[in-house]
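If you want our numbering, it's the position in the sequence shown, counting the first as 1, plus 353. Glycine residues also receive a C-beta, built at the ideal position from the N, C-alpha and C atoms. For reference, the structure discussed in these notes is given below.
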Amino acid sequence: MINGKCHACQGDDTYKEFYWSWGDGKLVQDTYQCRHCEHVFRRCSEQFLDKKYEALEIGSGDGMFAKIAKDHIKKITCSEIDAKMAKMCVDLGFETINKSVLDFEDKQYDVVFGMDVLEHVLDIQSFKIKMEQIVKNYLILQVPVYRTMVPPNPT
354 MINGKCHACQ
364 GDDTYKEFYW
374 SWGDGKLVQD
384 TYQCRHCEHV
394 FRRCSEQFLD
404 KKYEALEIGS
414 GDGMFAKIAK
424 DHIKKITCSE
434 IDAKMAKMCV
444 DLGFETINKS
454 VLDFEDKQYD
464 VVFGMDVLEH
474 VLDIQSFKIK
484 MEQIVKNYLI
494 LQVPVYRTMV
504 PPNPT
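What follows is the structure in structure tokens.
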């Protein structure tokens, strides 16, 4: 959500608020979902955005998270295995890696974000090993909750 607008569809004041309970039982506002396009924006990542950090986003898709994060972080690199989506990130001006994170060189990043990608990882052990090699400080993974998984090309 940027200035009350959905950053995916640009609709005004479209977000529904969702809350979750932390260990002390207090409700924490964490997630917004657009009433129009159903895009989800999670605030939980904000605490890991720091002007001194270089970040990597795994599975950047259309670059929307990177677009939000770029003003709050030293540098963010997008990674996306889908060539068309990777081009969208390039068109937004981001350095973009168009290959599997498992094939990355061992460059380290202060923080690595993966929004709705872990459920697509086929070899979790190799992914874990690679994350241990490239993450300096934080690995932030978000997985879908309360959404159904639908194959991209149902038959």
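For residue 410, the three-state secondary structure derived from DSSP is strand. According to the DSSP assignment, residue 493 belongs to the beta strand (DSSP E) that extends over 488–495.
An exposed status is given to residue 496, since fewer than 16 other beta-carbon atoms sit within 10 Å of its beta-carbon. For the options 414, 447 and 443, the alpha carbon positioned closest to that of residue 434 is the one of 414.
Per the Cβ contact rule, the region 418–429 is not in contact with the region 480–495 (fewer than 3 Cβ pairs under 8 angstroms). Counting along the chain, no beta strand (DSSP E) covers residue 421; the unbroken alpha helix (DSSP H) around it starts and ends at 417–422.
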